[in-house]
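Notes follow the structure.
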Amino acid sequence: MTPSADIRAFMTRLGHEFARPELLIRALTHGSIASATRPDNQRLEFLGDRVLGLVMAEALFHADLKASEGQLAPRYNALVRGEACAALAREIGLGNVLKLGRSEMLSGGRRKDALLADGMEAVIAAVYLDAGFDTARRVVLNLWRDRLNSIDDDPRDPKTALQEWAQASGMPPPVYEQTSRSGPDHAPVFHITVRLANGLTAEAQGAGTKRSIEQAAARQLLERLEGRK
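Take 6 as the starting number for the sequence shown in our numbering and just add one per residue.
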């Protein structure tokens, strides 16, 4: 199989030249365009999630020999969660080469976090199947290098940190309310309010996923609680 010019360019950005490019094509094939003769990337996503997890766990284990499991776990979660995978996918232009059905393309599928994260994991699995674990590790570590080098000692996401603060203060978990939504379906703008049982609230608004705006609202409230605002 001879890959197209855009696929060859993507291989260069990824840092791996496929001996079996059909594996990469499958990794880039979304269910919206799959058929009996064109399988989608879901099985590869399942495998790639595990390969990525092992590479990140191993890297964090060796990077800080004094860190406890309680310190390593949030760092790991920050590196493998969907937002991180989607961000890496954007950096290497994965969305541009995704194979999508017409309806998914029209709804902005190339920009959706979930599709990008799934595609990134599937591509990792394709590298693993094409060239083995050592090559997959090299590719992953090269892509994640900056994030690994800059990971915070306490990289909990704001929603997790706010929930832990509430629990430590004897409160139920924070409540997130979507107060409005505007914009087209492929680029929605959310307005989110987060509320604690003691009456404190914070708001955030922006484009992206609903979860990312909830994170922004949680961050605003944490900063208020910590006296930075």
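Here a beta-carbon is modelled for each residue, glycine too, at the ideal position from N, C-alpha and C.
For residue 104, which residues does DSSP report across the bridge?
Beta-bridge pairing links residue 104 to 34.
Would you mind stating whether residue 93 and residue 148 have Cβ atoms separated by less than 7 Å?
In contact: residue 93 and residue 148 (Cβ atoms closer than 7 Å).
Considering only the alpha carbon of each residue, which of 216, 18, 189, 186 lies closest to residue 180?
Comparing Cα-Cα distances from residue 180 to each of 216, 18, 189, 186, the minimum goes to 216.
By DSSP, does residue 196 sit in helix, in strand, or in coil?
Of the three classes helix, strand and coil, the one that applies to residue 196 here is strand, per DSSP.
Under the three-state DSSP convention, the category residue 10 falls into
In the structure shown, residue 10 sits in a helix (DSSP, three-state: H, G or I).
At which residues does the alpha helix (DSSP H) containing residue 88 begin and terminate?
Per DSSP, residue 88 is one residue of the alpha helix (DSSP H) stretching across 87-96.
Would you say residue 191 and residue 112 are within 7 Å of each other, going by their C-beta atoms?
Residue 112 sits close to residue 191, with the two beta carbons spaced by under 7 Å.
So, with DSSP's three-state summary, where would you put residue 155?
Residue 155 sits in a helix when the DSSP states are folded into three classes.
Buried or exposed by the 16-neighbour rule on C-beta atoms within 10 Å, applied to residue 189
Under a 10 Å Cβ-count criterion, residue 189 is classified as exposed, with fewer than 16 other Cβ atoms of the shown protein chains found around its own Cβ.
Tell me the residue span of the beta strand (DSSP E) that contains residue 182.
Per DSSP, the continuous beta strand (DSSP E) segment holding residue 182 begins and ends at 180-187.
Report, in whole angstroms, the separation of the C-beta atoms of residue 225 and residue 207, which I expect to be a contact under 8 Å.
Between residue 207 and residue 225 the Cβ distance is about 4 Å, and since that is below 8 Å, they are a contact.
With DSSP collapsed to three states, give me the class of residue 83.
Helix.
Give the single residue among 186, 182, 56, 124 whose Cα lies nearest to the Cα of residue 30.
Residue 124 is the option with its Cα nearest to residue 30.
Nonlocal neighbours in the same chain, by C-beta distance under 7 Å from residue 118, ignoring five residues either side
Excluding five sequence positions before and after residue 118, the CB atoms of its chain that fall closer than 7 Å to its own CB belong to 87, 88, 91, 214, given in chain order.
Could you say if the region 49-66 and the region 134-144 meet the contact criterion of at least three C-beta pairs nearer than 8 Å?
Segments in contact, yes.
How should residue 70 be labelled, buried or exposed, when 16 other C-beta atoms within 10 angstroms of its C-beta is the threshold for buried?
So residue 70 counts as exposed.
For residue 67, does the count of other Cβ atoms within 10 angstroms reach 16, so buried, or fall short, so exposed?
Residue 67 sits exposed, since fewer than 16 C-beta atoms from the chains shown fall within 10 Å of its C-beta.
Exposed or buried, residue 169, counting other C-beta atoms within 10 Å across all chains shown (16 or more means buried)?
Counting Cβ neighbours within 10 Å, residue 169 comes out exposed, since fewer than 16 surround it.
Among 186, 173, 203, which has the Cα closest to the Cα of residue 210?
Among 186, 173, 203, the Cα nearest to that of residue 210 belongs to 186.
Under the three-state reduction of DSSP, which class applies to residue 25: helix, strand or coil?
Assigned with DSSP and collapsed to three states, residue 25 falls in coil, not helix or strand.
Residue 126 burial status per 10 Å Cβ neighbour count (16 or more: buried):
Looking at its Cβ environment, which holds 16 or more other Cβ atoms inside 10 Å, residue 126 is buried.
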